[in-house]
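Here's the structure we're looking at; comments come further down.
4 protein chains.
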Amino acid sequence: MNEGISGLVYTDPQMEAIFSAKSQVQSMLDFEAALNNVLSQRGVIPQEAAAEIGKYCNADYYDMDSLVTRSQELGTIAAPVVAELKRLVPGSYTDWVHWGATTQDIVDTGLMLQLHRGIEHLIEGLHAVGDICCTLAAEHRNTIMVGRGILQHAIPTTFGLKCSQWALAISQLVRRLLQLQDEELAVQFGGVTGTLAAYGSDGFDLVPLLAAELSLAAPVAPWQSARERIGYVAAVLGNIAPTMAKIALDIGLLSQTEVGEVGEAPGDSPTSSALPHKRNSVSAMRAVAAARSAANHAGAIQQNMATENERSFGGWQVEPVLMARLMTSSGATVLAVRTSLESLQVFPDAMRRNLELTDGLIMSESVVYALAAKVGKATASNLVKEAIAAAAASGTGFSQCVRADPDISAQLTAQEVDRALDPSRYLGSTSHFIDAAIEHFSETKRSVSDDR
Amino acid sequence: MNEGISGLVYTDPQMEAIFSAKSQVQSMLDFEAALNNVLSQRGVIPQEAAAEIGKYCNADYYDMDSLVTRSQELGTIAAPVVAELKRLVPGSYTDWVHWGATTQDIVDTGLMLQLHRGIEHLIEGLHAVGDICCTLAAEHRNTIMVGRGILQHAIPTTFGLKCSQWALAISQLVRRLLQLQDEELAVQFGGVTGTLAAYGSDGFDLVPLLAAELSLAAPVAPWQSARERIGYVAAVLGNIAPTMAKIALDIGLLSQTEVGEVGEAPGDSPTSSALPHKRNSVSAMRAVAAARSAANHAGAIQQNMATENERSFGGWQVEPVLMARLMTSSGATVLAVRTSLESLQVFPDAMRRNLELTDGLIMSESVVYALAAKVGKATASNLVKEAIAAAAASGTGFSQCVRADPDISAQLTAQEVDRALDPSRYLGSTSHFIDAAIEHFSETKRSVSDDR
Amino acid sequence: MNEGISGLVYTDPQMEAIFSAKSQVQSMLDFEAALNNVLSQRGVIPQEAAAEIGKYCNADYYDMDSLVTRSQELGTIAAPVVAELKRLVPGSYTDWVHWGATTQDIVDTGLMLQLHRGIEHLIEGLHAVGDICCTLAAEHRNTIMVGRGILQHAIPTTFGLKCSQWALAISQLVRRLLQLQDEELAVQFGGVTGTLAAYGSDGFDLVPLLAAELSLAAPVAPWQSARERIGYVAAVLGNIAPTMAKIALDIGLLSQTEVGEVGEAPGDSPTSSALPHKRNSVSAMRAVAAARSAANHAGAIQQNMATENERSFGGWQVEPVLMARLMTSSGATVLAVRTSLESLQVFPDAMRRNLELTDGLIMSESVVYALAAKVGKATASNLVKEAIAAAAASGTGFSQCVRADPDISAQLTAQEVDRALDPSRYLGSTSHFIDAAIEHFSETKRSVSDDR
Amino acid sequence: MNEGISGLVYTDPQMEAIFSAKSQVQSMLDFEAALNNVLSQRGVIPQEAAAEIGKYCNADYYDMDSLVTRSQELGTIAAPVVAELKRLVPGSYTDWVHWGATTQDIVDTGLMLQLHRGIEHLIEGLHAVGDICCTLAAEHRNTIMVGRGILQHAIPTTFGLKCSQWALAISQLVRRLLQLQDEELAVQFGGVTGTLAAYGSDGFDLVPLLAAELSLAAPVAPWQSARERIGYVAAVLGNIAPTMAKIALDIGLLSQTEVGEVGEAPGDSPTSSALPHKRNSVSAMRAVAAARSAANHAGAIQQNMATENERSFGGWQVEPVLMARLMTSSGATVLAVRTSLESLQVFPDAMRRNLELTDGLIMSESVVYALAAKVGKATASNLVKEAIAAAAASGTGFSQCVRADPDISAQLTAQEVDRALDPSRYLGSTSHFIDAAIEHFSETKRSVSDDR
């Protein structure tokens, strides 16, 4: 679909290639070739027929425009491909084309093959993003910064911990994608009603053979009208874009002119036509934009699950379109976040400056717990509230008020107060959690490379 | 975006053209040209500059690939177009290009121009659909058929009334689209913050001039960050697809093998690859498919309305993509319904056969009201319930049981019973409502042609 | 539906009352009463019957639990109400209850009555919000602040202009809601198939009378299966929440600890349990939360528009649920924004401080245009870019670099430079647009009070 | 939220109880009690404090109205509960309440506990539905019926196969729900920024202990701002409603007056107020309605995943509301389908009648394959097309034309023709697939009971 220059900006060219018209046709032809191979192995059709038909299972031989025209007339994208394959195959071999299969087998299995390749591409991109996150997490393990909740300063954290949380989410995404590839991307082979009637009683034996031939999972039974599998695949895919958007939004918020804690390295040219000074986090913004373009497609796919009888009246037919949109928009978010992170500059000084912006107020919880060990938490809270009020009233900073407060001094030594006001002493299990996240991501990556 | 063969099947080629990359660039250049004209009329820039710049406001001169690459780097699709225009314009005239305007002015106004043309195209298609509906409504004014509720027989209606209800919904859609064109498709001209700062205090005077130059509405004030207008346009457009889906679903349900009351005339070739006998309502199915592909885009656009400050961080940037999807998918539903209706065959005999399928049960409400006039409705209901039970118990038809029931005969003459059992006597205000719907549609059409 | 404490926090109690079970039943009974009045006026039923039935059209007499149980059994919420009304009405008057009407007439018209009251309530809330926006717009007409795009400083604006843009969006929302009340909230009266069969040929005359009796609009024809009207109402309503979210998001972003330009006045208690110093913009956050809870319902309603035949198999039945959610969540956003604005503190000093944060860079466009008048825009842009680079290289501010630049001094006097660097001189048509927005809102309000 | 009588009809009362205000408060208090137990085991707080605090972790002691009011003021539902718990706990024990934890720990973990119970309830319902499907599958293994595609007759299937496909989808749903319970419903424990700062370096050791105490999974690290987990849970849950809708839609379509192959057994009362004869599949319709009310919530939850910094500005806060809606609506679909299936009547005679409706056309593919074995598929297809044309032209049935065709007789004996026209001989692997589906469902059920 034409979406203008804008559509070309917020996309993923490699994913576009996987979901092109030609790729879809090729995927359907891959099914035909695999079916022929299995049928000839089992003696259902002659070996020469399989070999001969196989030669024409190549999308290069097919004219896309005429396939589209015929598909519109027939209301199915499979029949024109099969018809053309029959036309191309010489002589009587044509009799064996598409033997026993139906439209939905070829379309559904073709989509599974495209999804498999598309998910491969997504995993590569997510690994690249996760690698950067892990590197940043390790490097900035102790780079203290303000933790923020509801757009306000909360308590300290480190930039490393933030990056490790991004990495962990990516690791979980990748694990789910791997599970899709291993278990859910299954061959569909059953015909209109899932009986495999044309093969007599031998049909069900063909299912695992066909699955193996195509490197797809073998289903328990045909799923032509039971779309739970598709709904699940869409649902898992639907989490990619918002996970990327989370990273991008963090980058955007930390890049704000007033915050300035990170920023994408400027390229050779200004990022604003009218405003030469402006320095936008362009790639992060692009990720958010792509995520908004990815939203809703998973839901739209789930809304098509309620098939009418054995084949739906419109819902199923548009699944490949919705999947292409979901995959391509999701891929675009991964690309954009990767670009953003690759050029990300981190400004620890700005992080430190913002930490100090409230004169120690960000350490108030820390002071409460330091005091609580001596006087109980209720009393501790009251003492801190009084210090906050004193700071507000006097215009001096909170740290100074805490240090000057005789009731606090009665409980904590100057050294204990200093410690309670020191963000680097109030990081709890940060380092442990960073390690755990990096390890989780590494394991995920290892499981992929072991697998291949 | 590539959506495979499937995407090419469920689309609207004319709408694709309106939302192509080149069309989007041209629309942005149309803004630039119009701005120059207005500025030169007002003496802000030299007339020769406007004339010279105007020559290069032609998308043919622009390389789409390089615009895309630059747009990705800059995070804006406007700046590269403006930069290229500056490069093309000879000598010092380049100084006057894009004088005082900013990115969002050109992108938003460009989108409005595309929407205007797209809505024009939608209205043409809807008029064609509505014309057929009105013709069918008039022709089948008295073609009695089963009215169905919750997938069960309810009471009689006529096929003409059904078609008139389709026409009325279309007429209302078109009126809303016309209102969009007249009032909501407005020029955006205000700069990043809506101040028109670069024009000093004269900026606001330019707004209506620019609107007139572009044949768009003039807004009360710039709306760069107040997207209520866009949300409203999307919401109105979002009603097209489900309205088309309603017609298509009716055709599908009436075409079912067991119902057989309408059907798309078969083309030269069978509509099923494996099943030579099958006769699908292909175009109606395509309309439903396209409607499912159109769903959710309006909602996605509304979710982008909450702009961050004066320009959003991703949401706004993807609006043209979402609008292209919404417009193109909606256009596809109109096309498919039109094709379906153009070949629609109506089978009054089948309608009559289905009416008689329940041996008169479909007239039970009619008999109740005939009796109610004599014995009150409570008693009437009871008498009819007894006749229904008797019919079920005896296996004879309801009509026969009513005629044979002495309690009923005591109240109604045989002629009155016949009348109560005659569907053609139980159509109430059908004819009036058909006339009203046709008249409404005709008025809508007249208002369009008067207007142009 | 139970949604926990959370559900009770993000709601609108008055709207909940309008969509309570009892209110829905009362609305259906209002239809019954009105129908009786019209029918007795026209002599279709006896006047005493209408009077007697009217006495029992009072939801106080009805047991909600038993209505729910019966509704589940019957799959319709209307039949149990009608049955109970028949049971309550004494003697033979019961014969005239619900004469000639059907389920959908009572449910649809009942919903319209609820929507009318709900929109009334929304308009009141929106007026209150708009009033505050207009007051702030007037008061802060000249309160200069940073205008921000893509989360970065862009060019100056005023807080008054921002508030006026909020007001204008509200004004447009209200106008659309008024149009709904006047034209779209129409009586449904037509029976299952829209024939009004039970009234013979006189049915259509009853439609405007019934509409008048209920103060609803009269439709061209029954719309029981043509849901374009409902889709449109939902679409218009769907814009309320994102418009409120826009205001709330602006407040949230301006309230950030590092920005600090506005803030909700703190109440008597801290807004964070653990962090005594934290000062959240709680009401703005609540508005965003409610807006996210409001999202998608409009889309869900539009997806129900494709009715099967004359009455849908599930889609229509759940419309009142989805409308209740849409209205209540939307109402909650209005309430929360109102609360936020009522306590909003504006900090012009912080606005000024942030304006100065970049040492004049925010005025770079202004300097470009000042120079452009002398040397052309291309040269002007280059001079300013050099000044920006010089500022970055030397660490001195941009303003200072501009003042010190001999090439600039050659073109602009010191006074002209000062002027170009002064944000208050670069506000263009700000004041004009503020006036226009306030006037638009005032007109909208006047049209409401004139109308009532 | 009030949703009128309609809302009470399309709901699941047990799920409502799990997501009531009191249940939510109790779940939060369960977290507090568990935290105390773990902290006292580890010696962080005194054992007596834990015991004493535990006594007040009982929602009966809490006033819901006042919790709501405080929650609105504070913008958090946790703080008021904690404050009230502190008020209730006597003496200095109050110092140990909520030691080291923050708002999000209590709210997120509370939600997980509610989800765990809710999923338990869903699984019970799905098992009941699946049991019926399996029984029907076994019973109707050989009940031949028309298989339908695109609302047209396609080739034969059996009602048993259809029911087995329903069962298999349910089995897959249940497996995913079990995986959620085992792996994804995890404790959240990390504080605002995920550092567990208040526990010094010992915090991370507490996480698995707390998880064990609450019978939830232990996460790799806190996930307060990494909502991929929540998005995934929502996505899996989002598949329940459409899977139920598929079953319900099949029942609705097969119940149509003209089809009549199944029907819900009528209750004691008619299902239509005005139409005494009408027999609606009320429960199936209710399932479709509930599914439409369930749609979009999963998507809405995914759209909240992009948290701002360490805690979101509105998105997270409304998660419990959206989850309650998703769970309750989904539960309603399960309930309604169960009710529908429990009363489902199957009419094999009608299935047979519809099979014969097209005089054997439904066997055309079968005849093609019988002939193809002799003359090749291309020739076979042509022969069958000729027979179809002959049948259409002559008005005699397809079977008769096949039997009378000399070219066909030249290839197939009369017995072979009979066999090719016999639907019971064209069922392929139907029985195998039924067995496989039933076995899959049984295994799923066994795994649940083994587990508990």
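Chains as they are written, first to last, in the numbering used here: chain A, -16 to 435; chain B, -16 to 435; chain C, -16 to 435; chain D, -16 to 435. The C-beta atom is built at its ideal place from N, Cα and C for all residues, glycine as well.
Within its chain, find whatever has a CB closer than 8 angstroms to the CB of residue i; leave out the 5 residues flanking it on each side and keep chain order.
i, result
"Ala32 of chain A", "Asn19, Ser23, Tyr76, Asp78 and Trp79"
"Ala374 of chain D", "Asp342, Leu344, Gly380, Phe381, Gln383 and Cys384"
"Leu68 of chain D", "Leu12, Glu15, Ile36, Tyr39, Cys40, Val80 and His81"
"Ala218 of chain C", "Ala281 and Gln285"
Using three-state DSSP, classify residue i as helix, strand or coil.
i, result
"Val72 of chain C", "coil"
"Ala200 of chain B", "strand"
"Leu327 of chain A", "strand"
"Met(-2) of chain C", "helix"
"Arg294 of chain A", "strand"
"Arg408 of chain D", "helix"
"Val129 of chain D", "strand"
"Gln394 of chain A", "coil"
"Thr389 of chain B", "Checking the displayed sequence, the identity of residue 389 of chain B turns out to be Pro instead of Thr. Looking at Pro389 of chain B - three-state DSSP - the assignment turns out to be helix."
Just to confirm my understanding: we take residue i, look at its own chain, exclude 5 residues before and 5 after, and list those with CB closer than 7 angstroms. What are they?
i, result
"Ala277 of chain D", "Ala224, Leu309, Ser312, Ser313 and Thr316"
"Ser256 of chain D", "For Ser256 of chain D, the predicted structure reports a pLDDT of 44, less than 50, and the residue's modelled location is therefore unreliable. A value from the coordinates is still provided. Cβ neighbours of Ser256 of chain D beyond the five flanking positions: none."
"Lys428 of chain D", "His110"
"Val358 of chain C", "Gln394"
"Tyr191 of chain C", "Looking at the sequence itself, residue 191 of chain C is Pro, so the reference to Tyr does not match. For Pro191 of chain C, where only same-chain residues beyond five positions count, the Cβ hits under 7 angstroms are Ala201."
So, residue i versus residue j, is the Cβ gap smaller than 9 angstroms?
i, j, result
"Ile89 of chain C", "Met11 of chain C", "yes"
"Leu119 of chain A", "Val329 of chain A", "yes"
"Ala4 of chain C", "Ile1 of chain D", "no"
"Gln(-3) of chain D", "His136 of chain D", "no"
"Thr413 of chain D", "Arg131 of chain D", "no"
"Met306 of chain B", "Gly298 of chain B", "no"
"Glu369 of chain D", "Asp390 of chain D", "yes"
Can you give the beta carbon distance from residue i to residue j, rounded, assuming they're within the 8 angstroms contact cut?
i, j, result
"Gly108 of chain C", "Arg321 of chain C", "6 angstroms"
"Gly214 of chain C", "Gly282 of chain B", "With a Cβ gap of about 12 angstroms, Gly214 of chain C and Gly282 of chain B do not count as contacting."
"Val170 of chain D", "Leu151 of chain D", "The pair is not a contact, with the Cβ atoms about 33 angstroms apart (cut-off 8 angstroms)."
"Ala62 of chain A", "Thr86 of chain A", "6 angstroms"
Cutting at 6 angstroms between CB atoms, please list the residues of its own chain near residue i, excluding the five before and the five after it.
i, result
"Leu344 of chain A", "Phe381"
"Cys40 of chain C", "Leu12, Glu15 and Ala16"
Every unbroken beta strand (DSSP E) within the segment 219 to 253 of chain B, with a cutoff of 3 residues, ordered by chain: With a minimum length of 3 residues, the continuous beta strand (DSSP E) runs that stay inside the segment 219 to 253 of chain B are 245 to 247.
Secondary structure, alpha helix (DSSP H): runs of 4+ residues fully inside the segment 338 to 371 of chain D: Taking 4 residues as the minimum length, the alpha helix (DSSP H) runs contained wholly in the segment 338 to 371 of chain D are 347 to 358, in order along the chain.
In chain order, each alpha helix (DSSP H) run of at least 4 residues that lies wholly inside the segment 143 to 200 of chain D: Listed in chain order, the alpha helix (DSSP H) runs fully inside the segment 143 to 200 of chain D are 186 to 197, counting runs of at least 4 residues.
Uninterrupted beta strand (DSSP E) stretches inside the segment 55 to 125 of chain A (no shorter than 3 residues): The segment 55 to 125 of chain A contains no whole beta strand (DSSP E) run of 3 or more residues.
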